[in-house]
Structures are given as C-alpha cells and as structure tokens.
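Trainee: Heads up: the sequence lines are chains A and B, in that order.
Heads up: take any position in the first sequence, counting from 1, add 79, and you land on the numbering used here.
Heads up: take any position in the second sequence, counting from 1, add 352, and you land on the numbering used here.
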Amino acid sequence: MADGDKTSLADRVGEVGERVRNSQAWESIFRPGSPFKKGYTDSPRNRSYVIMNNVLYHLHPVKVKRHGVRLSYTLCLGGLSFFLFILLTITGIFLMFYYRPTVPAAYADIEALSTSVAFGSLVRNMHRWGAHLMVLTVFLHMSRVFYHGAYKPPREFNWVVGVVLLLLTLLLSFTGYLLPWDQLALWAVTVGSNMAGFVPVFGDQVKFALLGGVEVTGSTLLRFYVLHVLFLPFIIVIFMAVHFWRVRKDGGISGPL
Amino acid sequence: MPDIPEHLLRRSAEARAEALGVPLEQVLAEMGLAGEGETPPAALEEITLPVQPANPDTTIPDDLRVREAAARQAAVEEFEAKAAPAPPASPVVTGAPEEPAPVVEVPVPVVEEPAAVVEKPAAAAAAAAAGSKIPEALLRRSAEAKAKATGRPVEEILAEMSGGAPAEPAPAVEVPAPAVEEPTPVVEKPAAAAAAAAPPTGEPTAPAQAPTPAGDRTTTITAPPVAAPQGTPEGVRPQRLLTVVRAKAIQQVKAEPTDKVSVWPHLLLIEFVALLGVTAFLTVLSVILQAPLLDLANFNLTPNPSKAPWYFLGLQELLSYFDPQIGGVMVPTVVGLIGIMAIPYVDRNPSTKPSDRKFAIMFFTFFLVASATVTVLGVLFRGPGFNFSYPWSDGIWFDDLKDWISFE
Numbered sequence: 080m081a082d083g084d085k086t087s088l089a090d091r092v093g094e095v096g097e098r099v100r101n102s103q104a105w106e107s108i109f110r111p112g113s114p115f116k117k118g119y120t121d122s123p124r125n126r127s128y129v130i131m132n133n134v135l136y137h138l139h140p141v142k143v144k145r146h147g148v149r150l151s152y153t154l155c156l157g158g159l160s161f162f163l164f165i166l167l168t169i170t171g172i173f174l175m176f177y178y179r180p181t182v183p184a185a186y187a188d189i190e191a192l193s194t195s196v197a198f199g200s201l202v203r204n205m206h207r208w209g210a211h212l213m214v215l216t217v218f219l220h221m222s223r224v225f226y227h228g229a230y231k232p233p234r235e236f237n238w239v240v241g242v243v244l245l246l247l248t249l250l251l252s253f254t255g256y257l258l259p260w261d262q263l264a265l266w267a268v269t270v271g272s273n274m275a276g277f278v279p280v281f282g283d284q285v286k287f288a289l290l291g292g293v294e295v296t297g298s299t300l301l302r303f304y305v306l307h308v309l310f311l312p313f314i315i316v317i318f319m320a321v322h323f324w325r326v327r328k329d330g331g332i333s334g335p336l
Numbered sequence: 353m354p355d356i357p358e359h360l361l362r363r364s365a366e367a368r369a370e371a372l373g374v375p376l377e378q379v380l381a382e383m384g385l386a387g388e389g390e391t392p393p394a395a396l397e398e399i400t401l402p403v404q405p406a407n408p409d410t411t412i413p414d415d416l417r418v419r420e421a422a423a424r425q426a427a428v429e430e431f432e433a434k435a436a437p438a439p440p441a442s443p444v445v446t447g448a449p450e451e452p453a454p455v456v457e458v459p460v461p462v463v464e465e466p467a468a469v470v471e472k473p474a475a476a477a478a479a480a481a482a483g484s485k486i487p488e489a490l491l492r493r494s495a496e497a498k499a500k501a502t503g504r505p506v507e508e509i510l511a512e513m514s515g516g517a518p519a520e521p522a523p524a525v526e527v528p529a530p531a532v533e534e535p536t537p538v539v540e541k542p543a544a545a546a547a548a549a550a551p552p553t554g555e556p557t558a559p560a561q562a563p564t565p566a567g568d569r570t571t572t573i574t575a576p577p578v579a580a581p582q583g584t585p586e587g588v589r590p591q592r593l594l595t596v597v598r599a600k601a602i603q604q605v606k607a608e609p610t611d612k613v614s615v616w617p618h619l620l621l622i623e624f625v626a627l628l629g630v631t632a633f634l635t636v637l638s639v640i641l642q643a644p645l646l647d648l649a650n651f652n653l654t655p656n657p658s659k660a661p662w663y664f665l666g667l668q669e670l671l672s673y674f675d676p677q678i679g680g681v682m683v684p685t686v687v688g689l690i691g692i693m694a695i696p697y698v699d700r701n702p703s704t705k706p707s708d709r710k711f712a713i714m715f716f717t718f719f720l721v722a723s724a725t726v727t728v729l730g731v732l733f734r735g736p737g738f739n740f741s742y743p744w745s746d747g748i749w750f751d752d753l754k755d756w757i758s759f760e
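1) Could you work out which residues of chain B lie near A/K144, taking near to mean beta carbons separated by less than 9 Å?
2) In its own chain, which residues sit with a C-beta less than 7 Å from the C-beta of B/E471, not counting the 5 before and 5 after it?
3) With a Cβ-Cβ cutoff of 9 Å, do A/V268 and A/G276 count as a contact?
4) Looking at the secondary structure, which residues open and close the alpha helix (DSSP H) in which A/V182 lies?
5) Mind pulling the chain A residues with CB within less than 8 Å of B/N650?
6) Just to confirm the assignment, what range does the beta strand (DSSP E) spanning A/K144 have?
7) Quick one: measure Cβ to Cβ for A/V129 and A/I332, integer angstroms, because I've assumed they're closer than 8 Å.
8) Which residue comes first and which comes last in the alpha helix (DSSP H) that contains A/V308?
9) I want to see whether chain B comes within less than 9 Å of A/Y119, judged by CB atoms only; does it?
10) Please list, in chain order, the chain A residues whose beta carbon lies closer than 9 Å to that of B/A741.
11) Give the residues of chain E in contact with B/E623, contact being defined as C-beta atoms less than 8 Å apart.
12) For the alpha helix (DSSP H) that contains A/V58, what are its first and last residues?
13) Counting only beta-carbon separations shorter than 9 Å, does A/K286 have a partner in chain B?
14) So A/G209 contacts chain B; which residues on that side make the cut at Cβ distance below 7 Å?
15) Using beta-carbon positions only, say whether A/L167 and B/N650 come within less than 9 Å of one another.
16) What residues match up with B/F740 in a beta bridge as DSSP calls it?
17) Counting only Cβ pairs nearer than 7 Å, list the residues of chain A close to B/W616.
18) Can you check which of these residues, A/W208, A/T86 and A/R223, is closest to B/P644 by C-alpha distance?
19) Could you list which residues in chain B have their beta carbon closer than 7 Å to that of A/M205, in chain order?
20) Which residues in chain B sit within 8 Å of A/L246, going by Cβ to Cβ distance?
21) Starting from B/V613, trace the beta strand (DSSP E) both ways and give me its first and last residue.
22) Using only CA atoms, which one of A/Y186, A/F162 and A/K231 lies nearest to A/T216?
23) Thinking C-alpha only, which one of B/R709, B/M714 and B/W662 is nearest B/V726?
24) Would you mind stating whether A/H206 and A/L174 have Cβ atoms separated by less than 9 Å?
25) With a cut-off of 8 Å, do at least 3 Cβ pairs link the stretch 250 to 259 of chain A to the stretch 297 to 314 of chain A?
26) Where B/I356 and B/V596 are concerned, what is the direct C-alpha to C-alpha distance, given to the nearest angstrom?
27) Could you name the residues of the stretch 659 to 674 of chain B whose beta carbon sits closer than 8 Å to any beta carbon of chain A, in the order they occur along the chain?
28) Are the beta-carbon atoms belonging to A/L247 and A/F318 less than 9 Å from one another?
29) Tell me the DSSP bridge mates of B/L648?
30) What are the boundary residues of the alpha helix (DSSP H) that A/D329 is part of?
31) Can you tell me whether A/D121 is helix, strand or coil according to DSSP?
32) A/T299 touches chain B at which residues, Cβ-Cβ below 7 Å?
33) Nearest-angstrom Cα distance between B/R419 and A/P335?
34) Pick helix, strand or coil for A/M319, following the three-state DSSP scheme.
35) Which residues, in chain order, does the stretch 719 to 746 of chain B contribute to contact with chain A at a C-beta distance below 7 Å?
36) In or out: B/W744 buried (at least 16 other Cβ within 10 Å) or exposed?
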C-alpha cells in the first residue's frame with residue numbers, strides 16, 4: 080500500500096506489469112481470446128477462442144465428447160506417447176552436445192556424461208527410461224484403441240498409420256540402443272540384427288544395409304546414430320502429423336462403449 | 353409417428369406402393385396415414401430443405417449456434433405466416449417422365465377437411481406457396497424435360513407453367529378414395545386429361561364437396577388446363593424427379609445433439625496434469641535408477657546369454673522354439689506387422705460394443721497375453737546359453753535390469 084506519497088514496491092511492480100500487458104508487443108503475441116490477454120473473461124466464446132486462435136487447434140477441436148475427457152477412457156496414452164517423444168527429443172538434443180558417434184569416443188563420452196557433466200547422468204537416465212516408457216505407452220495405446228473398437232470405419236487407415244508409428248518407435252529405440260557402445264549395446268544389436276538376417280531371399284542384404292557391413296562396426300554406429308537422431312525422427316514426425324490430423328478428420332475421439 | 357417427417361413417410365409409402373404394385377392409399381393406410389390427401393409439394397420440400405451436414409462443425413461457438421437457430425426459427429415463422437393465407441401462385445410440375453401421362457398438378461388449398469387431409473394445414477399451405485418459389489433454372493429444366501417427354505415445344509410448356517395456370521381457377525378432379533360414397537366427380541380419373549384439355553369450368557368441384565359428411569376422405573388432384581396425351585392410371589401419383597438429393601442428407605436433417613465439453617479448460621487441464629505427472633515420474637525414476645552402462649564393447653567377448661532389447665525378447669524367445677524362418681520372419685512380419693495392420697479390414701463387424709465382438713476381443717487378448725508371456729519368459733526365465741532358469745534361484749540374466757535389482 081502506498082505510504083504517504085511514496086509508492087510501495089508491490090505497487091510499482093504491478094504498474095510495470097500493467098504497462099507490459101498494455102503494450103503493443105504483449106498484445107501482438109497473444110491472439111484474441113487468449114487467457115493471457117488483458118480483460119479475459121471466462122465465457123463460452125472465449126473458451127472456444129482459446130483453442131481456435133491457438134496453435135493447439137492443430138491438435139484439438141474446440142469441444143470434445145464428454146466421455147472422451149474421462150481419464151479412464153483413454154488413459155491419456157496417445158497424448159503421453161507424443162509427450163514422451165517431445166521429452167525424448169529435448170533430452171536427446173542435450174545428449175547430442177556431449178556425444179560423438181565414433182568407436183574410440185562414444186563409450187568415453189557416455190562415461191563422461193555421468194561424471195563430469197551437470198545433470199548429465201539424470202538426462203541420460205531420463206532419455207533411456209523415457210524411451211522404454213514410450214514403447215510401452217505406444218503399445219498400450221494400440222491395445223486401448225483395439226478394445227474400444229476405435230479402428231473401425233472411418234478410422235481404418237489411421238490404425239495402419241498407428242502401427243507404422245509403433246514400428247518406428249521400436250526402430251528408434253533399437254537404433255538408440257547401440258549408441259552407448261558398451262557390451263549390452265553391442266550384443267543386443269548383434270542379436271537383433273541377426274533376426275533381420277532371417278528375412279527370406281534378401282536376408283543378408285537387409286542385414287548388410289542395416290549394419291553397414293557384415294557385422295556391427297564403427298560404420299554401424301554412425302549409421303544408427305544418423306538414423307536415430309535424424310532420419311527416424313523426421314519420418315515419425317511426418318507420420319505423427321498424419322495420425323493426429325486423421326484423428327481430427329475421422330470424427331475425433333471414438334464413441335463410448 | 354410424429355418423429356418421422358411427413359414427406360419422408362410419404363416417399364417411403366410411394367416406393368413401397370410401386371414395389372408391391374398396390375395402390376398408394378392402401379400402403380398409407382397400413383402405415384397409419386389412411387386417407388391422408390395428396391400433399392403435392394412434398395417432393396419440392398425435399399429440394400428446398402436446408403441440408404445440414406451430418407456432423408456439424410463443432411468449432412462454432414455456442415452462442416453463435418444459438419443465434420443462428422433463433423434466426424432460422426424466425427425465418428421459418430415469417431415464411432409460414434406469409435404463406436398461410438396466400439393462394440397458390442404457380443403450378444407445381446410433378447409429372448414423371450416414365451409415366452404415360454405427365455400431369456401438371458396445381459396444389460390448390462381447396463381442402464374440405466384440413467384435419468383429415470394433412471396433419472398440419474398450415475404446413476400444407478406453406479408448402480403449396482413454396483411452389484411459387486421454384487428457382488427459374490429448375491423450372492426451365494423441368495419444362496425442357498417435359499417437352500422432351502411430350503414432344504411439344506419448350507416455350508409452350510413454360511408459358512403454361514408460369515402464366516396460364518394460376519390465372520384461372522383450376523378444376524378439381526376427384527379421385528375416389530375407399531371411403532367415398534358419392535363423390536360426384538366431374539369425370540372419371542382416366543379421363544382427367546380430357547377434362548383438363550377442356551376449358552376450365554369456372555366452378556371448381558372441390559367446394560361442392562365441402563358439406564360431405566365427416567370421415568369422407570377425398571383426395572383432391574387439381575388439373576390445370578393442359579392437354580395431356582393420355583390418362584393416368586388409377587392410383588398412380590404422377591411425379592417428376594426434379595433433383596437427386598443424397599438420402600442421408602435428407603434423413604439426417606438434424607444432427608443428434610452430443611454431450612460435449614470445451615477442450616479448454618476441461619481437456620487441457622487433464623492433459624497438463626498428465627504431462628506433469630509423467631515428467632515427475634520419469635524424473636524420480638531417473639534419479640533412483642541408473643541407466644545401465646556395461647564395459648566397453650568387445651567383439652571378442654560374447655556375453656552369455658546375449659539378449660536383445662526387451663521388446664524384441666519375445667521374438668528371441670520364439671526363435672528358440674521355431675525355425676528362424678518362422679520365428680524370426682513369419683511371426684513378426686506376417687502376424688506382428690501385416691496382421692495387425694490388416695485388423696480393420698478383416699474385422700468387418702461395425703459394432704464397437706464389447707458384447708458384439710467377443711471373438712475379436714478374445715483374439716487380440718490372446719495375442720497380448722502370448723506376447724507378454726514370451727517377453728517375460730525371455731527377460732526373466734532365460735539364463736546362460738538361453739536355457740531356462742528361475743529368477744528366484746538363478747538370478748536375473750538381463751542387463752537392462754541390472755541396476756533395478758541391485759538397487760537397495
């Protein structure tokens with residue numbers, strides 16, 4: 080409260096805040112109906128504007144069926160898969176600062192990450208457990224969709240896109256598995272790529288293309304690294320865009336059971 | 353049957369009458385619309401119906417929707433108010449090309465017993481007036497089609513349709529309904545065309561029918577002064593297909609209201625909490641559990657057992673039972689990939705109720721349980737040499753879990 084002709088710090092901060100919210104810059108950032116805009120009131124119209132005038136409109140309609148909001152219906156599995164992908168992208172970018180995909184450097188970089196980088200160990204752990212969690216949530220999301228019969232017309236094709244997304248998730252996880260270049264990584268990928276060798280007719284060729292050689296080597300490491308940080312994320316983002324778009328276009332969330 | 357719009361009922365009755373070869377009146381009687389008179393403009397009503405999309409745009413804010421509904425209601429009321437007292441302005445063409453005698457019907461609201469003829473007299477009048485609002489292009493198209501069917505010049509028909517008919521009072525031709533005792537018709541039905549060709553009699557017969565006793569249900573078909581080449585068979589209502597409207601669009605005029613909530617704040621709040629929850633869970637997990645980092649990769653030192661990542665361990669498990677061509681190729685690609693992708697195309701059952709899809713649920717549950725079983729077997733119950741081992745006595749041979757179990 081103002082004491083005499085002096086103004087208190089709170090008043091001055093409030094005044095600055097008011098001036099910021101009145102400024103043209105602030106006004107330009109938020110589109111009409113945003114809760115951050117001055118004079119926002121909770122009304123049906125503004126509730127619509129919050130979504131409609133927002134980038135979120137790409138993900139969500141203005142309204143959803145009431146049963147779709149029930150947590151027990153979707154368990155947020157699809158959304159959590161997407162969120163985990165974002166989380167993995169963020170932590171992955173952090174890891175890329177400290178990692179070199181070469182045979183002499185890779186293992187040492189991962190070791191150094193745990194010992195000499197602030198939060199390095201935590202971020203690596205989050206990346207790894209988050210990746211496992213994402214495989215799990217994508218799989219559970221698929222199961223949820225099946226049990227709700229949500230793949231039925233007109234959503235058939237989106238189911239196919241979803242299966243592709245599951246496959247890409249597995250491939251992302253698998254290519255990331257090799258990058259620490261420890262015994263676990265080397266032999267798990269060896270076993271996994273041996274399975275690829277059983278493909279009829281083209282087995283050896285598939286394995287060769289996957290590994291960049293007849294067995295896991297330094298070129299495999301580089302190949303998996305590029306696939307992991309660039310190619311597969313690029314592909315999966317495209318498929319995710321189609322997936323989300325089709326969810327909207329195919330009638331939103333599926334009906335109640 | 354108050355729920356089904358009248359014109360739909362009528363159309364359905366007509367279709368049925370045509371299919372079964374019985375008179376329309378009989379079908380109508382079966383449907384509980386006995387004795388209901390002709391409501392000629394029904395076909396036109398279909399065309400002028402505001403066709404609403406089956407799935408209304410959910411992005412329209414509520415208040416806009418309400419305002420639009422009010423405006424529409426007002427428009428309808430205004431239209432009905434205007435239409436009710438108005439005499440028919442122009443004839444409605446309903447002659448069907450496939451019928452031997454296309455007859456131009458003039459819907460004169462000379463209805464003796466409004467209650468018996470239509471349920472809502474006002475609606476009938478309104479619909480009759482709607483005849484005057486036919487777009488010119490449609491009228492012209494209809495006239496052309498008619499000209500083609502009858503072999504007369506288009507101009508002549510157009511002139512009849514726009515000018516001649518409403519000027520003089522249309523003579524009414526009685527079609528005897530089952531209950532009519534003494535209809536005193538001017539002419540019998542097959543001669544309708546001839547009667548129409550004759551100059552109008554000035555005194556419509558319809559008012560003469562007014563004092564007939566209640567329950568005497570008559571159907572009034574009024575013919576304009578048009579010379580039709582042949583008579584119309586008894587019980588056949590001539591009509592012309594003016595346009596084809598998608599059946600779905602007509603039948604789902606009103607979208608079923610669904611219970612919806614605003615994404616903001618209801619859904620976004622839940623999502624935000626879910627994101628926070630997962631982030632917290634993952635952070636805590638990452639603080640507690642160290643991700644495994646074994647020794648530097650060594651090509652000369654094969655660990656025993658060598659295991660794939662856990663999501664491939666089920667496959668590795670299958671490989672120990674089957675030939676690699678089956679366990680490593682057939683199962684993952686045919687069953688795991690193509691099979692799952694094909695589910696929506698194989699499962700043609702449209703129902704989503706669990707009770708209707710027991711087989712599908714059983715099948716998928718079997719798939720889930722089987723994959724979970726082989727994965728757990730591969731992770732926990734496989735020791736050195738990928739031989740069976742028991743985790744409680746032989747320990748866990750899965751390095752991904754190394755720090756999970758050493759955690760104290």
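Just so you know, even glycine gets a beta-carbon here, dropped at the ideal spot from N, CA and C.
Mentor: On the basis of the data shown:
1) T610, D611, K612 and V613
2) Confidence in B/E471 is poor, its pLDDT being 40 and thus under 50, which makes the residue's placement too unreliable to answer from.
3) no
4) Per DSSP, A/V182 belongs to the alpha helix (DSSP H) from V182 to S195.
5) Q262 and L265
6) K142 to K144
7) Contact flag wrong, Cβ pair sits at about 19 Å.
8) In the DSSP annotation of this structure, A/V308 is not part of any alpha helix (DSSP H), being labelled neither H nor E.
9) no
10) As written in the sequence, residue 741 of chain B is Ser, which differs from the Ala given in the question. Here the premise fails: no neighbours, minimum Cβ distance about 18 Å.
11) Among the chains of the structure shown, chain E does not appear; the protein chains present are A and B.
12) Because chain A is modelled from 80 through 336, residue 58 of chain A falls outside the range shown and cannot be assessed.
13) no
14) L634
15) Cβ distance not < 9 Å, so A/L167 and B/N650 don't count as in contact.
16) B/R734
17) R126, V129 and I130
18) Selected option, being the one with the closest Cα: A/W208.
19) L634, T635 and S638
20) Within 8 Å Cβ-Cβ: L689.
21) K612 to S614
22) A/F162
23) B/W662
24) Yes, they are a contact pair.
25) yes
26) Cα to Cα, the separation comes out at about 20 Å.
27) K659, A660, P661, W662, Y663, F664, L667, Q668 and L671
28) yes
29) A/D261
30) Counting along the chain, A/D329 falls outside any alpha helix (DSSP H), and DSSP gives it neither H nor E.
31) coil
32) Within 7 Å Cβ-Cβ: nothing; A/T299 doesn't reach chain B, min ~11 Å.
33) 30 Å
34) helix
35) L720
36) Around the C-beta of B/W744, fewer than 16 other C-beta atoms lie within 10 Å, and the residue is accordingly described as exposed.
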